[in-house]
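**Student:** As you go down the protein sequences, you meet chains A and B in turn.
So for the first sequence, numbering that gives the first Met the number 0 puts the first residue at 0; every next one is plus one.
So for the second sequence, numbering that gives the first Met the number 0 puts the first residue at 0; every next one is plus one.
Protein chains: 2
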Amino acid sequence: MSQKGFHVAVVGATGAVGQQMIQTLMKEKFPIGKLTLLSSARSAGKKVNVNGEEYTVQEATPDSFEGVDIALFSAGGSVSKELAPEAVKRGAVVVDNTSAFRMETDVPLVVPEVNESDLYHHKGIIANPNCSTIQMVVALEPIRQKFGLKKVIVSTYQAVSGAGAAAVEELMDQTKAILNKENYEPNILPVKSDNKHYQIAFNAIPQIDKFQENDFTFEEMKMINETKKIMHLPDLQVAATCVRLPIAVGHSESVYFEIESEHVTAQEIKEVLKDAPGVVLQDEPENQLYPMPADCVGKNEVFVGRIRKDLDEPRGFHMWVVSDNLLKGAAWNSVQIAERLIELGLVK
Amino acid sequence: MSQKGFHVAVVGATGAVGQQMIQTLMKEKFPIGKLTLLSSARSAGKKVNVNGEEYTVQEATPDSFEGVDIALFSAGGSVSKELAPEAVKRGAVVVDNTSAFRMETDVPLVVPEVNESDLYHHKGIIANPNCSTIQMVVALEPIRQKFGLKKVIVSTYQAVSGAGAAAVEELMDQTKAILNKENYEPNILPVKSDNKHYQIAFNAIPQIDKFQENDFTFEEMKMINETKKIMHLPDLQVAATCVRLPIAVGHSESVYFEIESEHVTAQEIKEVLKDAPGVVLQDEPENQLYPMPADCVGKNEVFVGRIRKDLDEPRGFHMWVVSDNLLKGAAWNSVQIAERLIELGLVK
Numbered sequence: 000m001s002q003k004g005f006h007v008a009v010v011g012a013t014g015a016v017g018q019q020m021i022q023t024l025m026k027e028k029f030p031i032g033k034l035t036l037l038s039s040a041r042s043a044g045k046k047v048n049v050n051g052e053e054y055t056v057q058e059a060t061p062d063s064f065e066g067v068d069i070a071l072f073s074a075g076g077s078v079s080k081e082l083a084p085e086a087v088k089r090g091a092v093v094v095d096n097t098s099a100f101r102m103e104t105d106v107p108l109v110v111p112e113v114n115e116s117d118l119y120h121h122k123g124i125i126a127n128p129n130c131s132t133i134q135m136v137v138a139l140e141p142i143r144q145k146f147g148l149k150k151v152i153v154s155t156y157q158a159v160s161g162a163g164a165a166a167v168e169e170l171m172d173q174t175k176a177i178l179n180k181e182n183y184e185p186n187i188l189p190v191k192s193d194n195k196h197y198q199i200a201f202n203a204i205p206q207i208d209k210f211q212e213n214d215f216t217f218e219e220m221k222m223i224n225e226t227k228k229i230m231h232l233p234d235l236q237v238a239a240t241c242v243r244l245p246i247a248v249g250h251s252e253s254v255y256f257e258i259e260s261e262h263v264t265a266q267e268i269k270e271v272l273k274d275a276p277g278v279v280l281q282d283e284p285e286n287q288l289y290p291m292p293a294d295c296v297g298k299n300e301v302f303v304g305r306i307r308k309d310l311d312e313p314r315g316f317h318m319w320v321v322s323d324n325l326l327k328g329a330a331w332n333s334v335q336i337a338e339r340l341i342e343l344g345l346v347k
Numbered sequence: 000m001s002q003k004g005f006h007v008a009v010v011g012a013t014g015a016v017g018q019q020m021i022q023t024l025m026k027e028k029f030p031i032g033k034l035t036l037l038s039s040a041r042s043a044g045k046k047v048n049v050n051g052e053e054y055t056v057q058e059a060t061p062d063s064f065e066g067v068d069i070a071l072f073s074a075g076g077s078v079s080k081e082l083a084p085e086a087v088k089r090g091a092v093v094v095d096n097t098s099a100f101r102m103e104t105d106v107p108l109v110v111p112e113v114n115e116s117d118l119y120h121h122k123g124i125i126a127n128p129n130c131s132t133i134q135m136v137v138a139l140e141p142i143r144q145k146f147g148l149k150k151v152i153v154s155t156y157q158a159v160s161g162a163g164a165a166a167v168e169e170l171m172d173q174t175k176a177i178l179n180k181e182n183y184e185p186n187i188l189p190v191k192s193d194n195k196h197y198q199i200a201f202n203a204i205p206q207i208d209k210f211q212e213n214d215f216t217f218e219e220m221k222m223i224n225e226t227k228k229i230m231h232l233p234d235l236q237v238a239a240t241c242v243r244l245p246i247a248v249g250h251s252e253s254v255y256f257e258i259e260s261e262h263v264t265a266q267e268i269k270e271v272l273k274d275a276p277g278v279v280l281q282d283e284p285e286n287q288l289y290p291m292p293a294d295c296v297g298k299n300e301v302f303v304g305r306i307r308k309d310l311d312e313p314r315g316f317h318m319w320v321v322s323d324n325l326l327k328g329a330a331w332n333s334v335q336i337a338e339r340l341i342e343l344g345l346v347k
């Protein structure tokens, strides 16, 4: 760190998450001495305006990381796999928003509200979890701390911005075409690199990321495996069904969970969440108050409502969890990790 | 019944479901001798075109049912409560698509693929279940028959047409306004008669129908109570979270269920559903084949896919169930009940 602040690099600066990372760094008044914006060769040369100053995005190469203190990666798994170790070699701490290193045993997978202390064990790379995982564990962790946690079954309602800025454009263009009774050709969603593409406007697609051998999607397996790792609960039962919907920003989740304690009321769950870090409780059915994606856009918190005790299972509960997938689900969690690293003295 | 066919009355003929009922009667070549189209006073006088013939919709009164053999009601619970008994008094058999009589012990609540034999006990009124319940029990019943059923946890992804034709208009107008960066004022969804109305375009609203004392919505309690009644499983554990989405037609459901049998594979569940009445199995992850609302519109069947065995619970499974909420969820199930009543000789 120079006297003026840290040299921060954003890799994938022109993407949906990269753009949010830059904005979040500014909004949070992150102690930046120098800002370097990097991207793949395809996007290099683009101009990006940051607080009135124009930056030219440069192609990310191993040498780009000379002198960098903190590198925030969000340019896809293959870029991270190739360049994150190069950045570490050159002395940077990497916060990686891709799935490249998340399940590696010597890479901490961190949501600061849940497992900040895992940062102490970092070896240069800290992984930022999957968007849909982050918001769920922020809501579950305070409940686990007080009542234990045995089982989680989640169904997601995910926004298209999770698939990138081009997917949001596809949603909007397709919606216009359908309203105007014009033709359109889906070619991004559900998964750009997969074989078939489907209409997302006025539709629901029960596929996010590619199918695995066990017929779960990779997104579903991320939620399952990452939740166990972040919460340090290897035996937690977790199941997920992930669905893409015609929403631009804001993931929602219908979460069923079973706790270990007996005789707990929904009111006690609400009390715990009311004071939980990073959580905003919005749960007043009598006033029709509950979280919705349209209300969470641009906010860092995780919004929780619709908390009910299961009518049959005495340790079972239901809740509805909503968050801005580009912020707490990605950019804000990454910047928050970087902030915590600095505060804990874990950046050289 | 006259020699030419039955005198059929459709009550609520100008509504979203009423219109589908008329179309379904025509498409199914229902043996109609005379067709009477009825509505509330508000819609009376409207003209409706049926197979090229113009009908004037008349205000439904007790006397409207003189000579009627079969009356299909879909004009709201209060109309059914007032007029269905009047129709029965005059000798009609009523198939009621509202929630007015569904939970009454002497009113059969029928999905023909599941509990057709309950029709034998009718006393003039047969209730058509809630749309989201119907498609779920069609998929669950063949599984129950072969393997037993202990527990169901469902999260729904429901289309706005379930809230009527005006709600679809609200979705479309609001979507246009948002794309054009114009203002709009929501005033129908989530529940017209409730206090607050929210944006549905590009949003998810976790409220369908009004909240009950236990903080579940009425829609959720319908799914819970109706499923137990239709399946004759009063002790079945059922939980539901119901969510409204920016989709015009086609409800989807993420269903977790636990069976009684042990050592059953996902493949065996698929085999059962492949040959089940009213079900179309669409489950080829390797070909990205799964049900989606955009594909189910205008079809009578219930589409099932994404069948997976739970990774922890040996008797637990997940599936994704999609159907046209206006057809199998309403109009087609009602007409199907009427067809079965005739075939079983249960219409006088």
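For glycine and all other residues, C-beta sits at the position ideal for the given N, C-alpha and C.
All values derive from a computational prediction rather than experimental measurement.
Assuming ALA203(A) and PRO189(B) are in contact, meaning their beta carbons sit under 8 Å apart, how far apart are those beta carbons, in whole angstroms?
**Tutor:** Not a contact, Cβ separation roughly 18 Å.
**Student:** Quick one: residues in its chain with C-beta nearer than 8 Å to the C-beta of HIS231(A), no 5 flanking neighbours on either side, listed in chain order?
**Tutor:** Same-chain partners within the cutoff: ASN114.
**Student:** Residues in the stretch 125 to 157 of chain A with C-beta within 8 Å of chain B's C-beta atoms, listed in sequence order?
**Tutor:** Cβ contacts with chain B come from LYS150, ILE152, SER154 and TYR156.
**Student:** In the DSSP assignment, what residue or residues form a beta bridge with ASP95(A)?
**Tutor:** Bridge partners of ASP95(A): PHE72(A) and ALA126(A).
**Student:** Alpha carbon to alpha carbon, how far is ASN213(A) from ASP309(B)?
**Tutor:** The alpha-carbon atoms of ASN213(A) and ASP309(B) are separated by roughly 10 Å.
**Student:** Are there three or more Cβ pairs, one per stretch, closer than 8 Å when the stretch 218 to 235 of chain B is compared with the stretch 190 to 198 of chain A?
**Tutor:** In short, these stretches do not touch, since the Cβ pair count stays below three.
**Student:** Report buried or exposed for TYR393(A), applying the criterion of at least 16 other Cβ atoms within 10 angstroms of its Cβ.
**Tutor:** Residue 393(A) lies beyond the residue range present for chain A, which begins at 0 and ends at 347; the question has no answer from this structure.
**Student:** Can you look up ILE187(B) in the DSSP assignment and give me helix, strand or coil?
**Tutor:** DSSP places ILE187(B) in coil when its eight states are reduced to three.
**Student:** Evaluate the contact criterion for the stretch 258 to 275 of chain A versus the stretch 168 to 177 of chain B: three or more CB pairs, one atom per stretch, below 8 Å.
**Tutor:** Judged by Cβ distances under 8 Å, the stretch 258 to 275 of chain A makes no contact with the stretch 168 to 177 of chain B, as fewer than three pairs qualify.
**Student:** Counting only Cβ-Cβ distances shorter than 7 Å, please list the residues of the stretch 179 to 209 of chain A near chain B, keeping chain order.
**Tutor:** Listed by position, the residues of the stretch 179 to 209 of chain A near chain B (Cβ gap below 7 Å) are ASP193, ASN194, LYS195, TYR197, GLN198, PHE201, ASN202, ALA203, ILE204, PRO205 and GLN206.
**Student:** On the DSSP letters alone, give me the boundaries of the beta strand (DSSP E) that GLN211(B) sits inside.
**Tutor:** Counting along the chain, GLN211(B) falls outside any beta strand (DSSP E), and DSSP gives it neither H nor E.
**Student:** Would you kindly work out how many angstroms separate the C-alpha atoms of GLU338(B) and LEU34(B), rounded to a whole number?
**Tutor:** Going from the Cα of GLU338(B) to the Cα of LEU34(B) covers about 15 Å.
**Student:** Between LYS80(A) and the rest of its own chain, which residues show a CB-CB distance below 7 Å, the 5 nearest in sequence each way excluded?
**Tutor:** Cβ within range, chain order: ALA99.
**Student:** According to DSSP, is ASN48(A) helix, strand or coil?
**Tutor:** Looking at ASN48(A) - three-state DSSP - the assignment turns out to be strand.
**Student:** Which runs of the beta strand (DSSP E) at least 3 residues long sit entirely within the stretch 135 to 200 of chain A? Give them in chain order.
**Tutor:** 150 to 156, all fully within the stretch 135 to 200 of chain A.
**Student:** Out of curiosity, what's the CA-to-CA distance linking ASN224(A) and PHE5(A)?
**Tutor:** C-alpha separation (whole angstroms): 33 Å.
**Student:** Residues of chain A with CB closer than 8 Å to the CB of LYS412(B), please, in chain order.
**Tutor:** In the structure displayed, chain B extends from 0 to 347; residue 412(B) sits before or after that span and is not available.
**Student:** How is the beta strand (DSSP E) around GLY304(B) delimited, first residue to last?
**Tutor:** Run containing GLY304(B): 301 to 308, per the beta strand (DSSP E) assignment.
**Student:** Report the CB separation of CYS130(A) from ALA329(A) in whole angstroms; it is logged as a contact under 8 Å.
**Tutor:** About 6 Å separates the two Cβ atoms, so the contact holds.
**Student:** Since SER77(A) and VAL10(A) should fall inside the 8 Å C-beta cutoff, what is the C-beta to C-beta distance between them, to a whole number of angstroms?
**Tutor:** Not a contact, Cβ separation roughly 12 Å.
**Student:** Which residue from GLY163(B), THR226(B), LEU325(B) and ALA275(B) puts its Cα closest to that of LYS298(B)?
**Tutor:** Per the Cα distances, LEU325(B).
**Student:** Give a yes or no on whether the minimum CB-CB distance between SER160(A) and chain B is below 8 Å.
**Tutor:** Judged by the 8 Å Cβ criterion, SER160(A) is not in contact with chain B.
**Student:** Reducing DSSP to helix, strand and coil, say where VAL78(B) ends up.
**Tutor:** Helix.
**Student:** Could you tell me the distance, in whole angstroms, from the CA atom of ALA12(B) to the CA atom of GLY90(B)?
**Tutor:** Rounded to the nearest angstrom, the two C-alpha atoms are 21 Å apart.
**Student:** Can you give me the start and stop residues for the alpha helix (DSSP H) that PHE217(A) sits inside?
**Tutor:** Element bounds for PHE217(A): 217 to 229.
**Student:** Nearest by alpha-carbon distance to ASN286(B): which of ARG314(A), GLY344(A), HIS196(A) and GLN287(A) is it?
**Tutor:** Cα-wise, what sits closest to ASN286(B) is HIS196(A).
**Student:** Shorter than 7 Å, the distance from the beta carbon of GLY51(A) to the closest heavy atom of the ligand GTP, or not?
**Tutor:** In terms of ligand content, the structure shown is empty, and the ligand GTP therefore cannot be addressed.
**Student:** I want to see whether chain A comes within less than 8 Å of ILE246(B), judged by CB atoms only; does it?
**Tutor:** By this cut-off, ILE246(B) is an interface position.
**Student:** State the Cα-Cα distance for the pair ALA86(A) and VAL94(A), rounded to the nearest angstrom.
**Tutor:** Going from the Cα of ALA86(A) to the Cα of VAL94(A) covers about 11 Å.
**Student:** In whole angstroms, what is the alpha-carbon distance linking PRO107(A) and VAL110(B)?
**Tutor:** C-alpha separation (whole angstroms): 52 Å.
**Student:** For chain B, is any of its Cβ atoms less than 8 Å away from the one on TRP331(A)?
**Tutor:** No, because no Cβ of chain B sits closer than 8 Å to the Cβ of TRP331(A).
**Student:** Contact defined as beta carbons within less than 8 Å: I believe SER42(A) pairs with GLY147(A). What is the distance between those atoms, to the nearest angstrom?
**Tutor:** Their Cβ separation, rounded to whole angstroms, is 46 Å, which puts SER42(A) and GLY147(A) out of contact at 8 Å.
**Student:** At what residue ranges does the stretch 254 to 340 of chain B contain a whole run of the alpha helix (DSSP H), taking only runs of 4 or more?
**Tutor:** DSSP runs (the alpha helix (DSSP H)) wholly in the stretch 254 to 340 of chain B: 265 to 273 and 292 to 295.
**Student:** So which residues on chain B does TYR119(A) lean against when the C-beta distance must stay under 9 Å?
**Tutor:** Here the premise fails: no neighbours, minimum Cβ distance about 31 Å.
**Student:** By the 10 Å Cβ neighbour count, where 16 or more other Cβ atoms means buried, how is LEU343(A) classified, buried or exposed?
**Tutor:** Flag for LEU343(A) reads exposed.
**Student:** How far does the alpha helix (DSSP H) with VAL113(B) in it extend, from its first residue to its last?
**Tutor:** Counting along the chain, the alpha helix (DSSP H) containing VAL113(B) begins and ends at 111 to 114.
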